[in-house]
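As structure tokens, the structure follows; a few thoughts come after it.
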Amino acid sequence: MNNLSLSKLTDCITLSNGVKMPCIGYGTWQTPSGEVAENCVKSALELGYRHVDTAWVYGNEPDVGRGIKKSGIKREEIFLTSKHWVTERGYDKTIKAVETSLENLGVDYLDLYLIHWPCVEKLTPEWKEINASTWRGFEKMYKDGKIRAIGVSNFQQKHLDALNEYAQIKPMVNQIEFHPGYTQIDNVRYSQSLGMTVQAWSPLGSGAVLNDPTLMKMAEKYGKSVAQLCVRFALQCGVIPLPKSLNQSRMAANADVFDFTITDEDVQKLVAFPELGFSTYLPEDAPADALC
Ligand code: A2P
């Protein structure tokens, strides 16, 4: 899967359950809540984005919802994702968490809802059962039509395998950190081999990769910026990037990636790029208070 047939921002890939997802999403992690988030989402939609990614823990769901309404674009034309936070694990809390996100966003359904971080073994020996119980809440809300697709975020092979032992409905998406300098390529390939679509959070390495001289030289060869190289790189790996910017011209630039193709050789160089811009931690290494 290399997504080379995609030719514009609103072109879609198809998830394993048949739901269509626009190939580049507008990310809102670390976007300040209030008017900034509201105006950014409105601008992104006006610029042609039709896929917006938020999470309860970002604290900006109400602003994202207002930005969508203010854009005047119909709800059904927008692919909207939110995520379940680690404090809400378990069946009953999960049902309430979905209802809270729907209310915050002012919508009747989500296009995609993700377990933000897995419960892990170092937190509790019952980590598998806890993730499974959360997942049952996801399956219920999916069957009830409140969520069109369900998935996970920051899951590694161990967590995916454990969840799939219990899941009646298999997760459709795994959203992980992915950018030159931190591709987690084995996880990407494993998730894809399970039929999941991989999404990239921090596809620009949260900005930390943008001034790297080697990446600058490669981008220059294509007449593009490093940010555009990163977005295109994700697409050519079959990964859906969620770049974020608070600036309208950069939002537009990040979507202007359909007029060049990175050679296979350069894709391989980017896959194997030395570690750069790793932004947080993997779930098993996270501080205990970050994941519970
Ligand atoms: P800004 O909001 O000022 O544009 P990521 O998507 O990997 O999380 O990276 C987001 C960071 O990258 C933000 O700091 C954002 O800053 C910056 N950024 C986003 N797009 C571009 C771009 N086209 N050129 C330079 N910096 C960018």
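Sequential numbering from 1138 applies to the sequence shown in the numbering used here.
We put the beta carbon where it would ideally sit given N, CA and C, even for glycine.
Remember, predicted model here, so these are calculated numbers, not experimental data.
Please report how far the alpha carbon of Trp1338 lies from the alpha carbon of Phe1315, in whole angstroms.
-> For this step, residue 1338 is matched to residue 201 along the sequence shown. For this step, residue 1315 is matched to residue 178 along the sequence shown. So the alpha carbons of these two residues sit roughly 6 Å apart.
With burial defined as no fewer than 16 other Cβ atoms inside 10 Å of the residue's Cβ, what is the status of Ala1409: buried or exposed?
-> One-based indexing of the sequence shown puts residue 1409 at position 272. With fewer than 16 neighbouring CB atoms inside 10 Å of its own CB, Ala1409 falls in the exposed class.
Counting only runs of 4+ residues fully inside the region 1294-1376, write out the alpha helix (DSSP H) ranges in chain order.
-> Within the region 1294-1376, the complete alpha helix (DSSP H) runs of at least 4 residues are 1294-1303, 1322-1330, 1350-1358, 1363-1373.
Just checking my contact of Trp1222 with His1188 at CB under 8 Å: how many whole Å lie between their CB atoms?
-> Taking the first residue of the sequence shown as position 1, residue 1222 is located at position 85. Taking the first residue of the sequence shown as position 1, residue 1188 is located at position 51. That belief does not hold up - the Cβ atoms of Trp1222 and His1188 are roughly 21 Å apart, past 8 Å.
Tell me, to the nearest whole angstrom, how far the beta carbon of Gly1342 is from that of Gly1414; I am working on the premise that it is less than 8 Å.
-> Taking the first residue of the sequence shown as position 1, residue 1342 is located at position 205. Taking the first residue of the sequence shown as position 1, residue 1414 is located at position 277. Indeed, because the Cβ distance is near 3 Å, the residues count as touching under 8 Å.
Whose CA, out of Gly1209, Ile1287, Pro1317, lies closest to the CA of Met1309?
-> Here residue 1309 refers to the residue found at position 172 of the sequence shown. Looking at the Cα atoms, Ile1287 is the closest of the given residues.
What's the C-alpha gap between Asn1384 and Ala1364?
-> Here residue 1384 refers to the residue found at position 247 when the sequence shown is read from its first residue. Here residue 1364 refers to the residue found at position 227 when the sequence shown is read from its first residue. When the Cα atoms are used, Asn1384 and Ala1364 turn out to be separated by approximately 13 Å.
Mind checking whether Ile1377 and Thr1334 have CB atoms under 8 Å apart?
-> Residue mapping note: residue 1377 aligns to position 240 of the sequence shown, counting from 1. Residue mapping note: residue 1334 aligns to position 197 of the sequence shown, counting from 1. Between Ile1377 and Thr1334, the C-beta spacing is below 8 Å.
Cβ neighbours of Leu1419 in the same chain (closer than 8 Å, five flanking residues each side left out) = Here residue 1419 refers to the residue found at position 282 when the sequence shown is read from its first residue. Excluding the 5 residues flanking it on each side, Leu1419 has same chain C-beta neighbours closer than 8 Å at Asn1291, Gln1293, in chain order.
Could you check what DSSP says for Asp1248 in three-state terms: helix, strand or coil?
-> Residue numbering aside, residue 1248 sits at position 111 when the sequence shown is read from its first letter. Correct three-state label for Asp1248: coil.
Is any heavy atom in the ligand A2P found nearer than 7 Å to the beta carbon of Asn1241?
-> Position 104 of the sequence shown, counting from 1, holds the residue named residue 1241. Asn1241 Cβ: outside cutoff for every heavy atom of the ligand A2P.
Thinking C-alpha only, which one of Ala1423, Lys1406, Pro1424, Ala1392 is nearest Phe1143?
-> In the sequence shown, the residue the question calls residue 1143 occupies position 6. Reading the sequence as shown, one finds Leu at residue 1143 and not Phe. Considering only alpha carbons, the answer is Ala1392.
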